[in-house]
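Chains as they are written, first to last, in the working numbering: chain A, 1 to 311; chain B, 1001 to 1520.
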């Protein structure tokens, strides 16, 4: 039980560093030195010391949203196998996870509407437009994994795939992984779907929803999105490619599991940084094309299971 | 060209026009108030382009205001009429010549002369809380007395219909950029209409200039629009030099040319990088900004000023470029040119980038011409114009260069026109540095006689800059400045229609307009 707790704390505490690492990698690709990977921690510490300015037109929703978002992400993190896959069935399965992430989105979008500012409204309208197309993809790609392994418990999926070895590298797995990766980019507001480093309010999706926040509220909202990215990357690393994860709680296995986890997260961060550096953001109305590709991939993953798997 | 002009003028409707040629080759016509709009509209219909439309307060000397329209027919024709102070109105040109729209509103704000029949007579330049009946460019306005503020509301155009909503943006924006208010009427994401409200950085430059001696005016001109220091100061100096008949030495003209092209280089490279940045294409954006920085460093090395200030002076230039220095600059430019070609190749070989810029923010020729658009914006919409070639100044008549023109009218065309112009600028700087003649740096400048009129056109990075001066005693009596941005803002209102809101910043960037230059 201690191990489960510790590994979730590890995930939560590493989250800002991963965001920092992506920024730092991007800076290097642009020929800049960039800030240290620890910068997001410093930013958060700074924001926690600042007072919050709250619009007089906003309601309790704006006050509650940051806590609700952080709480939902933290609970989601507890559902995930990180370094060690143990007894997870008790806490909840992938359905709970997906709806916890929906809670984050719900509160973020609601808070953006709350103050009645222009950009917040535009941001939440775009966010809902994007997530309504992406959510089925996300569901379907994880369901494909559930079908392959015959369980909806995240730990169960990881354990099955990890213990059966490379045999499980079926078309379903790769198709579902590709679909889920596109969903990760879309859900976490990365290029080419959104631009996390822009100052142009009119083009923003996710950032536009946070414009009304300052101080502690902003720190919490930012932390929620950094932790959310980490949850997605961990899902990617441990549900689709769980090899290397510790299946027993002895120290050597745990150390190996930790190394494997860090490597996989770094590889994914690098992949995101490379994508963000090598292409322009897509037009807003071009996005459904990308999501249609992702959805088709996830659908194929399910179909492939029935065609190839059952036989 | 002069044969055409003769014919056009002979067929002109206004028989009352008094005509005279000036020594600088321009044609000057004086008409009565009634015939003014007809004559200007006629010249415009015959292919003339409205360069500027402005007024002057000559009540003290002649008992009347004067209106001046400059039309480019290959030769610049200036049409002038008197407007009596008791009537204080004139026939509006705007219904026939769309380009006159903002000029007439500006005249109305600054002089209190009412354009009769103007389709949109709302204030343009003055702040919303400026009291009625106070006109800053009239001679009886004392700028040292504070003006009371009165609550007034500016009415934006309204678009009504199901699902249409307004998006107010600015005047204060995120990022270190100039202030301007954009009011979108959108149905969901597609933009139905945009209204640009400017004037937030109106500093009263034209009024200020009337109290500044000519020589010091150079410093003022350099600060009209910070990134067009060389263009504005050159235009100002040339106008004053014409007023006093100073012959600028050839060497000074070559140095001016080099400086003007260095200015175009850093502006265009910065704009190209900005376009990449606004599409979130981070790597070429970073490369472009690094390249711009190298050009700025080269500027500092060459002139001591990153923004090329304090180079121009009335009668010539204040600094010399030695032969060795010129050779060093040329060799530095070779390296910069290679880096620039790499940057252009990266940008235009990326399909994700091309997908963002192609077809976005289209301004076709049929709109750009009547609006009087200038500079890269006009050239990207198929209008073949460039003051460097059409009205040569400095050393341009001795140098060979191409004026790139494209028909697309979209962000892509505006980007590519700039890329081509950067290539030409590299070549022009090399030619000018290589072929620089010897001789003095500045001519002796005599006192500027009062009561004369002169103007000058310079192709700034954003397009044609015009400075027009009536001389007074030791200072300009009236100094009209027309920045290219003033001509292009309306173009953007049309270019964004039918595009989606998140594409607006990119379109805005591709126009690359100055707020300070527009507001004055």
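Note that CB positions come from ideal geometry on N, CA and C, so glycine has one too.
Treat the numbers as computed from the prediction; the structure is a model and nothing was measured.
Does any residue of chain B have a CB that is nearer than 8 Å to the CB of residue i?
i, result
"residue 191(A)", "yes"
"residue 277(A)", "yes"
"residue 127(A)", "no"
"residue 122(A)", "yes"
"residue 327(A)", "Outside the shown range of chain A, which is 1 to 311, sits residue 327(A), and nothing can be said about it."
"residue 285(A)", "yes"
"residue 271(A)", "no"
"residue 31(A)", "yes"
"residue 195(A)", "yes"
"residue 311(A)", "At residue 311(A) the pLDDT is 42, less than 50, meaning the model places this residue with poor confidence; the figure from the coordinates comes in the next sentence. So no, residue 311(A) is outside the interface."
"residue 19(A)", "no"
"residue 280(A)", "yes"
"residue 294(A)", "no"
"residue 184(A)", "no"
"residue 50(A)", "no"
"residue 152(A)", "no"
"residue 164(A)", "no"
Is residue i near residue j, with beta carbons less than 8 Å apart?
i, j, result
"residue 1236(B)", "residue 1467(B)", "yes"
"residue 1486(B)", "residue 1508(B)", "no"
"residue 1410(B)", "residue 1458(B)", "no"
"residue 1523(B)", "residue 1256(B)", "Not covered by the structure: residue 1523(B). The range shown for chain B is 1001 to 1520."
"residue 1180(B)", "residue 1515(B)", "yes"
"residue 1116(B)", "residue 1092(B)", "yes"
"residue 34(A)", "residue 23(A)", "yes"
"residue 1192(B)", "residue 1159(B)", "yes"
"residue 137(A)", "residue 248(A)", "no"
"residue 1447(B)", "residue 1315(B)", "no"
"residue 50(A)", "residue 215(A)", "yes"
"residue 1372(B)", "residue 1137(B)", "no"
"residue 85(A)", "residue 162(A)", "yes"
"residue 1521(B)", "residue 1265(B)", "The first residue shown for chain B is 1001 and the last is 1520, placing residue 1521(B) beyond what the model contains."
"residue 1148(B)", "residue 1119(B)", "no"
Taking CB distances under 8 Å as the criterion, tell me whether residue i reaches chain A.
i, result
"residue 1160(B)", "no"
"residue 1510(B)", "no"
"residue 1002(B)", "Note that residue 1002(B) has pLDDT 47, beneath the 50 cutoff, so the model's placement of it is unreliable and the number below is only indicative. Answer no: the Cβ-Cβ gap between residue 1002(B) and chain A never drops below 8 Å."
"residue 1189(B)", "yes"
"residue 1274(B)", "no"
"residue 1262(B)", "no"
"residue 1521(B)", "The first residue shown for chain B is 1001 and the last is 1520, placing residue 1521(B) beyond what the model contains."
"residue 1348(B)", "no"
Would you list the one or two residues that DSSP bridges to residue i?
i, result
"residue 1178(B)", "Residue 1178(B) pairs with nothing; no bridge assigned."
"residue 1101(B)", "None; residue 1101(B) has no bridge partner."
"residue 1456(B)", "1467(B)"
"residue 84(A)", "246(A)"
"residue 1020(B)", "1028(B)"
"residue 1312(B)", "1317(B)"
Can you give me the start and stop residues for the alpha helix (DSSP H) that residue i sits inside?
i, result
"residue 1232(B)", "1229-1244"
"residue 62(A)", "60-78"
"residue 1093(B)", "Where residue 1093(B) is concerned, there is no enclosing alpha helix (DSSP H), given that its DSSP letter is neither H nor E."
"residue 1282(B)", "1282-1303"
"residue 1521(B)", "No information on residue 1521(B) is available, as it lies outside the stretch 1001 to 1520 that chain B covers here."
"residue 96(A)", "94-114"
"residue 1478(B)", "Run containing residue 1478(B): none in the alpha helix (DSSP H); it sits in the beta strand (DSSP E), 1476-1482."
"residue 1430(B)", "1411-1434"
"residue 129(A)", "118-149"
Go to residue i, then tell me how far its beta strand (DSSP E) extends in each direction, as first and last residue.
i, result
"residue 1080(B)", "1076-1083"
"residue 1350(B)", "Element bounds for residue 1350(B): n/a, residue is neither H nor E."
Please decide whether residue i counts as near chain D, where near means a Cβ-Cβ distance under 8 Å.
i, result
"residue 1466(B)", "Absence of chain D from the displayed structure is noted, the protein chains being A and B."
Original post:
Are the stretch 1076-1089 of chain B and the stretch 1055-1066 of chain B touching by the rule of at least three beta carbon pairs closer than 8 Å?
Top reply: yes
Original post:
Is there contact here, the stretch 1417-1432 of chain B with the stretch 1258-1272 of chain B, by at least three beta-carbon pairs under 8 Å?
Top reply: yes
**OP:** Decide yes or no for the touch test of the stretch 103-122 of chain A against the stretch 203-212 of chain A: beta carbon pairs closer than 8 Å, at least 3 of them.
**Re:** As far as the Cβ criterion goes, the stretch 103-122 of chain A touches the stretch 203-212 of chain A, which means the pair count is three or higher.
Original post:
Would the stretch 145-154 of chain A and the stretch 105-113 of chain A be scored as touching if the rule is three or more Cβ pairs under 8 Å?
Top reply: Judged by Cβ distances under 8 Å, the stretch 145-154 of chain A makes no contact with the stretch 105-113 of chain A, as fewer than three pairs qualify.
Original post:
Does the stretch 1225-1245 of chain B come close enough to the stretch 1413-1427 of chain B to have 3 or more Cβ pairs within less than 8 Å?
Top reply: No, the stretch 1225-1245 of chain B does not touch the stretch 1413-1427 of chain B.
Original post:
Counting Cβ pairs, one atom from each stretch, are 3 or more of them under 8 Å apart for the stretch 183-203 of chain A and the stretch 1273-1283 of chain B?
Top reply: yes
**OP:** Answer yes if the stretch 235-252 of chain A comes into contact with the stretch 170-178 of chain A, meaning at least three C-beta pairs across the two stretches below 8 Å, and no otherwise.
**Re:** Contact holds: three or more Cβ-Cβ distances are below 8 Å.
Subject >> the stretch 1237-1254 of chain B contacting the stretch 1392-1410 of chain B, beta-carbon criterion three pairs below 8 Å >> reply: Taking 8 Å as the limit for Cβ pairs, the verdict is that the stretch 1392-1410 of chain B does touch the stretch 1237-1254 of chain B.
Original post:
Are there three or more Cβ pairs, one per stretch, closer than 8 Å when the stretch 61-72 of chain A is compared with the stretch 4-20 of chain A?
Top reply: no
Original post:
Taking three-plus beta-carbon pairs below 8 Å as touching, is the stretch 250-261 of chain A in contact with the stretch 93-104 of chain A?
Top reply: no
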